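First the structure, in the form of structure tokens, and then the observations on it.
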Amino acid sequence: MAGDFVPESELNLKGWQKYFNSYTLRGRFNIVAATYGSLFASVILYKIFKRKPKAVAAAK
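So for the sequence shown, full-length UniProt numbering puts the first residue at 1; every next one is plus one.
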């Protein structure tokens, strides 16, 4: 991971590979940010949309 520094211009990356790669520090940061962002969003969505149990009817 901490190998030789390779400038982005020499990698010839195109499309999404330009932003999500393991060759540059910025690419590694983008991968980490996307991972934590998706985890955080999943937890928030779960908490928002989880179903609450129905109230138990009172005894007659």
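The beta carbon of each residue, even a glycine, is placed where N, CA and C say it ideally should be. It should be emphasised that the depicted structure is a prediction, and the values quoted were computed from it without experimental measurement.
Sequence-distant residues of the same chain with beta carbon closer than 6 angstroms to residue i, five excluded per side
i: residue 30; result: 19, 20
i: residue 43; result: none
Three-state secondary structure (DSSP) of residue i
i: residue 26; result: helix
i: residue 47; result: helix
i: residue 40; result: helix
Beta-carbon proximity list for residue i, same chain, < 7 angstroms, skipping 5 on both sides
i: residue 45; result: none
C-alpha distance - residue i paired with residue j, whole-angstrom precision
i: residue 27; j: residue 35; result: 13 angstroms
i: residue 32; j: residue 52; result: 33 angstroms
i: residue 40; j: residue 49; result: 14 angstroms
i: residue 22; j: residue 47; result: 33 angstroms
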